[in-house]
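In what follows, a single structure is set out as structure tokens and then discussed.
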Amino acid sequence: MTENRVKALEVKNLKQHFKVGSGKNKLVVKAVDDVSFDIYEGEVFGLVGESGCGKTTTGRTIIKLYDATDGEVYFKGARVGGGFETLKGNIKAAKKEAKEAILECKPFLKKQVEIKQKYKAERKLLKKEDAERKQELIEKERQELAELKADSEARPDQYQVDNEKIAKIEAKRDEFIAKQKDAIKGLKHDNAFKGETYEIMKKIQMIFQDPISSLNPRMTVREIIAEGLRISGVNDPDEIDRKVFEALDVVGLVPEHSFRYPHEFSGGQRQRIGIARALVVNPELLIADEPISALDVSIQAQIINLLKELQKKLNLTILFIAHDLSVVKFFSDRIAVMYFGKIVELAESETIFRHPMHPYTRSLLSAIPQPDPFYERRRKRFMYNPATAHNYTPDNQPSLIEVEPGHYVSASEEEAVRYRQEIKELEVKAAAKTKKE
Amino acid sequence: MSEKKLDKSLFKLATDRDYSHDAAFETKPIGYYKDAWLRFKKNKASLVAAIILLILIFMAIIGPFIKPDNFRKNHVLHAQRLVSYTELPPYVKALDWIPLFNGKRTIVSSNLATLRALDDPVNIEKYGKILYTDLDKVEPAADGTYKVTVQFYNYVNYQLSRSPMSINTTDLKAAYEAQGNDGIGRIVTREERVFRNPDGSLVEGQTHRVVVEYFVFLDEVFDYQPEYWFGVNNNGYDWFTLMWSGARVSLIVAFVVAIVNIIIGVIVGSISGYYGGNVDLIIQRLVEILAGIPFLALISLLVLRWGSSVGVIIIAFVLTGWLGIQGITRTQFYRYKGREYVLAARTLGASDFRIMSKHILPNAIGTLITSFVLYVPSVIFTESTYSYLGIINYTNTTSVGRMLADSQARLRDITSLGFLILFPGIFVSLLMLSFNLFGNGLRDAFNPSLRGVE
Amino acid sequence: MKKDNVLEVKNLNVSFRTQQGILKAVRGVEFELRRGETLAIVGESGSGKSVTSRAIIGILAGNAIHDAGSIYYYSDDVKNLKKYQELRETGNANEGKGETPAIDLMTIPEEDFHKLRGTKISMIFQDPMSSLNPIMRVGKQITEALYLKMGVSKEEAKVRAIELMREVGIPEPEKRYTQYPFQFSGGMRQRIVIAIALANNAEILICDEPTTALDVTTQGQILETIQRLKVERNLSVIFITHDLGVVANIADRVAVMYAGKIVEIGTADEIFYNPKHPYTWALLSAMPDLEFDKEGQQLFVIPGTPPDLHFPPVGDAFAPRNHKYALDIDFVEQPPMFKISDTHFSATWLLHENAPKVEMPNVLKARIERSLKKEKEAGRK
């Protein structure tokens, strides 16, 4: 069922690392650590996880509020952004490799370096007080170096420098580096928010989480919504009015509201203004970054219904980032669960709820309270402890494995086997149950 | 259950209303500035300060025109007589019940004759007697000097007379009726040795001795008694006019400097704060270098090289004055650049300039206006200080600081010459105080988080 | 009073002076809190639930006007209050009948509140970061609560504080005693806040949306902690939230508030399985159901927003948003509280004898039936 569908968004090996601190205290926070997924046109894709798991960072990196550290993002087949850390790493590795290869071609230098390294290593093992031995070693080193020099002068043919080979190595290296640099240039060009890329990026819009700070308190609602129009060059006030009123109508507000300031509205209304702002430029992909987390539960329903309606009407593709699984289930077609920067499970929403496989997903589901006192009294929550729930070893590392069509779980090979078995058993049970009824 | 009769027909489902749109608001929209103004109004001190400021600025603009020193202009021919028309105390006829403004001054002298007390307005017929009124009762002080409080304006008028002379004359009548040389002076005679017959008549042919004083009364020469509201300084300038001219210079310098510094500071600070990273690093290091230049050295050097005109002073202030503002702007930009509405603008493709000017700056403007208002008095104060110290020495104009300095030198007698310092001093203090209170009020007014706090 | 009430709120009316006029935040709220029970107050933002709780503990903002009403607090400790002693002298003490002395919290002076706040009646708030002083060590913040109010010596306070930290579930409390708030996660900070609130053996704990800002797993932990402490210390808890799932988890009784009034009040079972007010129906229906198939489903939505209480509505405040169930009389007259059972009351004209018979939304009905069926099955096992 997914084969003939067009991919609206493709995220490949996205990484977003934040460097904190400097020098000894340098910390790399891997907010998004090698995340890949695809979103099909017209689908609602839910990205779930708790605070700090990197889902918001993922969304913001896709829309280029942050520059990706690595990986690529494609929108409708065109690359819209990416990071070049791998490429930079490649350049570094190539340089190092070439350096070593060149050293091989210069025998004199090579031997010299070998001698120096040998003695350096020995000196390192010495204790500080052993000055005598140190002196001894320095003497020995000097002696050996002198011998080497003498030898090279005596037998020059042994120490020929192979310039031809060096040239070849350098040429290869330079070619490789040039290719990488081209690639980097290409990425930088795609990352810039200009020209063609701007037109493409206009089709991706974002709705933010905090209704208070997502609207500029110093602008009227009309100006806030018209922002996208103005940036695109629309200046005719009548045209702007028309589009703004249209957008307000779609989200359930009246034209009189456009002359007000954000602080006069409630949270739900502000969120609707944010949606109007995103819609006025006719986007195709909407990234909704926890749009309902800051709202009352009753208002959440309003916003979700509105989004659902809009999605159907305008055939929008939505990336829905949230931490409330019940809402996500209601609204999404497929769901990806994130934990500390990695996707641990990805499947259709029914599947995630019917038979979640990854222990983190299970613990998340067990913690959701339901408006049902009897159920609540019986509900038992389980905890997920990453240290004890798996036994990953350096040669038994997890990756996203497809345990059934369309259902991916981050697991090691042996866990995957276990999961597949479990799914089979569950399906047998379910079939038996329906037969009974 | 209520006892009211509830109409049964009311108990049916109401289905004919529009539920799909939110109702329009019933309250009035309140914009940012209106909101700020409402909060500002509540702070009585700032309101008063604002009014005082407006008055001071208004006076600085029109002050010199209110009361031009026409007196001197119109009587240029009598310049020589007007030379001693200096150091007059303030005199406002309408307010002469206030000791400050009654034009009186205490004079100390060891020579009683040079003290010519006169408290009443001139009555020419009686001047002989009046001229010496209080002197009859004056007792010398321990050190032999006499101290007398006089209506100084009249005193100065009468000072222009020549000292008394004794002359011998046979024609007493003529002596009494004589006129001065230029036809406007009066001769006052006092009998010193006059020979009279037992019946009181004058003895014929005898030489009498009389004391003659020759007075020219300025208020006869001139047609009115001038009022100098703030007095006159030692160079004969009207203190009132001079002060507002000086105030004008101070205020112009302060405002121009503040505006230029704000513009430079905002531009530098916004770039530094918005882009962060290396740009910020470099700019801040430059700022630190500039901040290390001592202002005193800077201004002294500039004045030495290019003289002390208002333009040079303004440039001196502008060279390093924007550092504070840029710091504040930079902080504001750091504060706001991570806000979600800025992110939203970025996702909509807004250019950096648009974000800085339309999104961040309007939010920071409250703080900026407040810093501006609190910055102006510091410029005034610095400028006054330096002109007081003489480092700034305007060539063809004066400033309040300079006035204070000049007056200080003359301050031997604080009770009689205090007015020279009083008025510029009050002006500077009032200006600073008002600006500061006004600035405080503004700061609270522009802080929307105080909305709703009563 | 019958049934060991620790708090009785009668006809509470509170307004605020604002720039745009007088805002009537609480318009006649009445309820009781019994000893050892958890009362959940549910409502949207602006329903008046926070204002009610702040009125109880006496921390209303400076521009608040107490229009009318009383809050009676029943406790033996009331005898220490200055106001109570004054009343006793004039013979007006013991406003409630029965042995436990009571006093109207709306009439006591600030110094009496000092004796109650933080000791007998404590409150915890939504944002744990701003409830804790970021530059003061955590241990000190707890002991501060202890020796400021109770005059406990510093050494003993430290011992008690470490005990408290252990009680609220902070691991290795001795080590964490000297740490700063930023070294704790959100859930841990909230536990410290609870520890501070309970340091002086409070009788009443008011929780103002303490888990709204937390993740769902942390939320579960905090709720479990509060439940446990409640049982151990026989606390009476007022829990304010807008999340019905949380309410189902911890509440004994539930009060649903809207636009400054209580529209329905009852036991948790009554409210969840037999709700009578259209607003309660709407709230329950608006929660997405984990069981339901998402195809073609619309979440039941309450359109519009709560009314602006600068202009309190003349009839039922919920009527303009009540598109399926509003009666014409709802726009004319406010409904009184109708009794459904001894513990269950609701203020809606639909319970009047002349009202047409209506059914709760199908979504809700189906869900309730499903829950009851499941419960029966579970009971049978």
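Chains as they are written, first to last, in my numbering: chain A, 1 to 437; chain B, 1 to 454; chain C, 1 to 381. Beta carbons are placed, not taken as given, at the ideal position from N, Cα and C, and that holds for glycine. Please read these numbers as outputs of a predicted model, since none were measured by experiment.
Is there a C-beta anywhere in chain A that falls below 8 Å from the one on Gly-31 of chain B? If you number the second sequence from 1, residue 31 of chain B lands on position 31. Yes, because at least one Cβ of chain A sits closer than 8 Å to the Cβ of Gly-31 of chain B.
Please report the straight-line C-alpha distance between Lys-154 of chain C and Ile-273 of chain A, rounded to a whole angstrom. Here residue 154 of chain C refers to the residue found at position 154 of the third sequence. Here residue 273 of chain A refers to the residue found at position 273 of the first sequence. Straight-line Cα distance between these residues: approximately 54 Å.
Residues of its chain near Ser-363 of chain A, where Cβ-Cβ distance is below 8 Å and the 5 sequence neighbours each way are ignored: Translated into positions along the first sequence, residue 363 of chain A becomes position 363. Hits under 8 Å: Arg-381, Phe-382, Met-383, Tyr-384.
How is Leu-148 of chain A classed by DSSP in three states: helix, strand or coil? For the purposes of this step, residue 148 of chain A is taken as residue 148 along the first sequence, with counting starting at 1. Note: Leu-148 of chain A maps to helix in three-state DSSP.
Interface residues of chain C around Asp-190 of chain A at Cβ under 8 Å? By one-based count along the first sequence, residue 190 of chain A stands at place 190. Result: empty, since nearest Cβ-Cβ is about 35 Å, beyond 8 Å.
Looking at the secondary structure, which residues open and close the beta strand (DSSP E) in which Arg-402 of chain B lies? As a first step, residue 402 of chain B must be located in the second sequence, where it is residue number 402. Taken as a continuous stretch (DSSP letters only), Arg-402 of chain B belongs to no beta strand (DSSP E), being part of the alpha helix (DSSP H) at 400-409.
Partner residues on chain A for Ile-302 of chain C, Cβ-Cβ distance less than 9 Å: Taking the third sequence and counting its residues from 1, the one referred to as residue 302 of chain C is at position 302. Those are Ser-298, Ile-299, Ala-301, Gln-302, listed as they occur along chain A.
Does Tyr-146 of chain B pass the burial test, meaning 16 or more other C-beta atoms within 10 Å, or should it be called exposed? Counting from one through the second sequence, the residue named residue 146 of chain B turns up at place 146. With 16 or more other Cβ atoms within 10 Å, it is buried.
Chain A within 8 Å of Asn-363 of chain B, Cβ atoms only: Here the question's residue 363 of chain B lines up with position 363 in the second sequence. Answer yes: the Cβ-Cβ gap between Asn-363 of chain B and chain A drops below 8 Å somewhere.
So, with DSSP's three-state summary, where would you put Cys-207 of chain C? In the third sequence, counting from the first residue as 1, residue 207 of chain C sits at position 207. DSSP places Cys-207 of chain C in strand when its eight states are reduced to three.
Going along chain A, which residues have a C-beta under 7 Å from Arg-339 of chain B? Walking along the second sequence from the start, residue 339 of chain B turns up at place 339. Ordered by position in chain A, the residues that pass the 7 Å Cβ test against Arg-339 of chain B are Ser-213.
When the Cα atoms are used, what is the spatial distance from Val-35 of chain A to Leu-65 of chain A? Along the first sequence, one-based indexing puts residue 35 of chain A at 35. Along the first sequence, one-based indexing puts residue 65 of chain A at 65. So the two alpha carbons sit approximately 17 Å from each other.
Residue-chain proximity (Tyr-66 of chain A, chain B), Cβ-Cβ < 8 Å: One-based indexing of the first sequence puts residue 66 of chain A at position 66. So no, Tyr-66 of chain A is outside the interface.
Validate contact between the segment 108-121 of chain C and the segment 76-86 of chain C using beta carbons, cut 8 Å, 3 pairs: yes
Residues of chain B with CB closer than 9 Å to the CB of Tyr-261 of chain A, please, in chain order. The residue you call residue 261 of chain A lines up with position 261 of the first sequence. Ordered by position in chain B, the residues that pass the 9 Å Cβ test against Tyr-261 of chain A are Pro-29, Ile-30, Gly-31, Tyr-32, Asp-35.
Evaluate contact between the segment 202-220 of chain A and the segment 257-277 of chain A, counting only Cβ atoms and requiring at least three cross-stretch pairs below 8 Å. yes
Met-136 of chain C burial status per 10 Å Cβ neighbour count (16 or more: buried): By one-based count along the third sequence, residue 136 of chain C stands at place 136. Answer is exposed; the Cβ neighbour count stays below 16.
Residues of chain B with CB under 8 Å from Gln-205 of chain A, in chain order? Translated into the one-based positions of the first sequence, residue 205 of chain A becomes position 205. Here the neighbours are Thr-347, Leu-348.
Any Cβ of chain A within less than 8 Å of the Cβ of Met-360 of chain C? As a working mapping, residue 360 of chain C is identified with position 360 in the third sequence. Answer no: the Cβ-Cβ gap between Met-360 of chain C and chain A never drops below 8 Å.
Separation of Val-301 of chain C from Gly-379 of chain C, as counted between CA atoms: Position 379 of the third sequence, counted from the start, is the residue given in the question as residue 379 of chain C. Position 301 of the third sequence, counted from the start, is the residue given in the question as residue 301 of chain C. Cα to Cα, Gly-379 of chain C sits roughly 33 Å from Val-301 of chain C.
Using the DSSP secondary-structure output, state which residues sit across from Tyr-408 of chain A in a beta bridge. The count along the first sequence starts at 1 and reaches residue 408 of chain A at position 408. Partner(s): A:Leu-346, A:Glu-402.
So for Asn-440 of chain B, helix, strand or coil by DSSP? Your numbering for residue 440 of chain B matches position 440 in the second sequence. Asn-440 of chain B: helix per DSSP, three-state reduction.
The alpha helix (DSSP H) enclosing Ala-453 of chain A, as first and last residue numbers: Residue 453 of chain A falls outside the range modelled here, since chain A spans only 1 to 437, and no answer is possible.
Other residues of its chain near Lys-129 of chain B: CB distance less than 6 Å, five sequence neighbours each side excluded: Translated into the one-based positions of the second sequence, residue 129 of chain B becomes position 129. Note on Lys-129 of chain B: pLDDT 42, under 50, position unreliable in the model; the coordinate value appears next. None.
With Pro-134 of chain C and Pro-181 of chain C assumed to form a contact (beta carbons below 8 Å), what rounded beta-carbon distance in angstroms separates them? In the third sequence, residue 134 of chain C corresponds to position 134, counting from 1. In the third sequence, residue 181 of chain C corresponds to position 181, counting from 1. With a Cβ gap of about 6 Å, Pro-134 of chain C and Pro-181 of chain C count as contacting.
Can a CB atom of chain A be found closer than 8 Å to the CB of Ala-445 of chain B? Here residue 445 of chain B refers to the residue found at position 445 when the second sequence is read from its first residue. No, Ala-445 of chain B does not count as interfacial toward chain A.
Close Cβ partners of Ala-45 of chain B (< 6 Å) along its chain, the five nearest in sequence each way excluded: Indexing the second sequence from 1 puts residue 45 of chain B at position 45. Counting only Cβ-Cβ distances below 6 Å, and skipping sequence neighbours, we find Leu-437.
Near Tyr-336 of chain B, what residues of its chain come up, given a Cβ to Cβ distance below 6 Å and the 5 sequence neighbours on each side ignored? Counted from its first residue, the second sequence places residue 336 of chain B at position 336. Here the set comprises Ile-360, Asn-363.
If you measure between the beta carbons of Leu-310 of chain A and Tyr-408 of chain A, is that distance less than 8 Å? Taking the first residue of the first sequence as 1, we reach residue 310 of chain A at position 310. Taking the first residue of the first sequence as 1, we reach residue 408 of chain A at position 408. Contact: no.
Does any residue of chain A have a CB that is nearer than 8 Å to the CB of Leu-301 of chain B? As a working note, residue 301 of chain B is residue 301 in the second sequence. Chain A, which has no Cβ nearer than 8 Å to the Cβ of Leu-301 of chain B, makes this no.
Taking Ala-247 of chain B as the query, report the chain A residues whose CB atoms sit under 8 Å from its CB, ordered along the chain. Taking the second sequence and counting its residues from 1, one reaches residue 247 of chain B at position 247. Those do not exist, as Ala-247 of chain B stays about 36 Å from chain A at its closest Cβ, beyond 8 Å.
Helix, strand or coil: how does DSSP classify Gly-324 of chain B here? Position 324 of the second sequence, counting from 1, holds the residue named residue 324 of chain B. Looking at Gly-324 of chain B - three-state DSSP - the assignment turns out to be helix.
For the beta strand (DSSP E) that Lys-10 of chain C lies in, which residues bound it at each end? Reading the third sequence from its first residue, position 10 is the one you call residue 10 of chain C. 5-18 is the extent of the beta strand (DSSP E) around Lys-10 of chain C.
What does the Cβ neighbour count give for Pro-121 of chain B, buried or exposed, with the cut at 16 atoms within 10 Å? By one-based count along the second sequence, residue 121 of chain B stands at place 121. Unreliable placement is indicated for Pro-121 of chain B, whose pLDDT of 47 sits below 50; the coordinate value is still reported in the next sentence. It is exposed - the Cβ of Pro-121 of chain B has fewer than 16 other Cβ atoms within 10 Å.
On a Cα-Cα basis, can you pick out the residue from A:Gln-117, A:Ala-322, A:Lys-429 that is closest to Arg-354 of chain A? Along the first sequence, one-based indexing puts residue 354 of chain A at 354. Out of A:Gln-117, A:Ala-322, A:Lys-429, A:Lys-429 has the C-alpha closest to the C-alpha of Arg-354 of chain A.
Hey, is Ile-292 of chain A's beta-carbon within less than 8 Å of any beta-carbon in chain B? Reading the first sequence from its first residue, position 292 is the one you call residue 292 of chain A. Output row for Ile-292 of chain A: interface = no.
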